[in-house]
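> Per the numbering used here: the sequence shown = residues 714 to 954.
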Amino acid sequence: MRQIVELLTRNRIFKRRLPKQYGSLPIYVSPDAQLKVLKPGRAAFDPQLLHAVDELVGAGDTVWDIGANMGVFSLASAFRSGTGKVVAVEADLWLVNMLRKTFELDENRKYGIEVVPIAASNRISIQTFLIAARGRASNHLGEVAGSTQSGGARSAVLVPTFELDYLLEYCVPPSVVKIDVEGAENLVLGGMKKILSTIRPRLYCEVTADRKKTFELMEQYDYVQRASLQGHGANLFFYPK
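Following this line, the structure appears as structure tokens:
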């Protein structure tokens, strides 16, 4: 049944609204990214993402959303931050177009959310990016294993990659960074040497296969970790000491 729904809803886009505590802002969503959006009310949105916004984002904060997907974290953060800047980094151009459509809506335009259509990694290069068969939320760089929920790849495309440190030349330094990149988190963190050592933002990160390496890297930059109160232990907060 799930496979039938996935096929019938592929490339479908419709408008929902975030929960009231995030301004009931309008957002375009697609079951092609995540079937959850077909559920009623607040259940349509990932509770872990919204909890992370509540935990990390305050008035005036600048937020970088790495692996922005449909933009739930970006938009909720923009409302919570108010005057702060939000940068959404996403490699899938289909999702990028949906993000821009959301952020250009009249109610959202005032937040000035920037979209960067690129994959974050530990180097500037061109890499294979796999579009997940079951849902675009599980898209991932070809050089990492990705999620077991991807169901394989429906297609492969070439995307540019860059280090997030490079983004400091063009965007306001972040107070908060969210990383959800389906197994590529250590590559992303490897491209954040300057950010982690001098900017020292608060982080929310999905940690997958090579957790030991992630923990060692964050300890190297003098960060402490805490598991999210929502969901499983693979979603962690990292705070500078």
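Where a beta carbon is used, it is the ideal one built from N, C-alpha and C, also for glycine.
All figures in this text were calculated on a predicted structure; none of them were measured in a lab.
#1: Are Ile-854 and Ala-832 close, meaning C-beta to C-beta below 8 angstroms?
#2: Can you give me the C-alpha to C-alpha distance between Phe-875 and Asp-923, rounded to a whole angstrom?
#3: Below 8 angstroms between beta carbons: does that hold for Leu-916 and Phe-950?
#4: Measure the alpha-carbon distance for Lys-798 versus Arg-867 and round it to whole angstroms.
#5: Ends of the beta strand (DSSP E) at Ala-940?
#6: For Met-931 and Pro-873, I'd like the C-alpha separation in whole angstroms.
#7: Would you say Asp-759 touches the ligand FMN, meaning its beta carbon is less than 7 angstroms from a heavy atom?
#8: Less than 8 angstroms between the beta carbons of Ala-671 and Ser-851, yes or no?
#9: Evaluate contact between the segment 877–884 and the segment 811–819, counting only Cβ atoms and requiring at least three cross-stretch pairs below 8 angstroms.
#10: For Leu-748 and Val-937, I'd like the C-alpha separation in whole angstroms.
#11: Among Ser-838, Gln-734 and Ala-772, which one has its Cα closest to the Cα of Ser-888?
#12: So what does DSSP say about Leu-751, is it helix, strand or coil?
#13: If I'm right that Ala-789 touches Leu-731 with Cβ under 8 angstroms, what's the distance once you round it to whole angstroms?
Taking the definition as stated:
#1: As a working note, residue 854 is residue 141 in the sequence shown. As a working note, residue 832 is residue 119 in the sequence shown. Looking at the sequence provided, one finds Leu at residue 854 rather than Ile. Closer than 8 angstroms, so yes.
#2: Here residue 875 is taken as the residue at index 162 of the sequence shown, counted from 1. Here residue 923 is taken as the residue at index 210 of the sequence shown, counted from 1. Going by the C-alpha atoms only, they are around 21 angstroms apart.
#3: By one-based count along the sequence shown, residue 916 stands at place 203. By one-based count along the sequence shown, residue 950 stands at place 237. Yes; because the gap between Cβ atoms is below 8 angstroms, this pair is in contact.
#4: As a first step, residue 798 must be located in the sequence shown, where it is residue number 85. As a first step, residue 867 must be located in the sequence shown, where it is residue number 154. Taking the straight line from one Cα to the other gives about 34 angstroms.
#5: Locating residue 940 in the sequence shown gives position 227, counting from the first residue. Per DSSP, Ala-940 belongs to the beta strand (DSSP E) from 936–940.
#6: For the purposes of this step, residue 931 is identified with residue 218 of the sequence shown, where counting begins at 1. For the purposes of this step, residue 873 is identified with residue 160 of the sequence shown, where counting begins at 1. The straight-line gap from Cα to Cα measures roughly 26 angstroms.
#7: No copy of the ligand FMN appears in this structure; indeed no ligand is present at all.
#8: Nothing about residue 671 can be read from this structure; the chain reaches only from 714 to 954.
#9: no
#10: Position 35 of the sequence shown, counting from 1, holds the residue named residue 748. Position 224 of the sequence shown, counting from 1, holds the residue named residue 937. Roughly 33 angstroms separates the two Cα atoms.
#11: Translated into positions along the sequence shown, residue 888 becomes position 175. Ranking Ser-838, Gln-734 and Ala-772 by Cα distance to Ser-888 puts Ala-772 first.
#12: Position 38 of the sequence shown holds residue 751. Note: Leu-751 maps to helix in three-state DSSP.
#13: Reading the sequence shown from its first residue, position 76 is the one you call residue 789. Reading the sequence shown from its first residue, position 18 is the one you call residue 731. Yes, they are in contact, since the Cβ atoms of Ala-789 and Leu-731 sit about 6 angstroms apart, within 8 angstroms.
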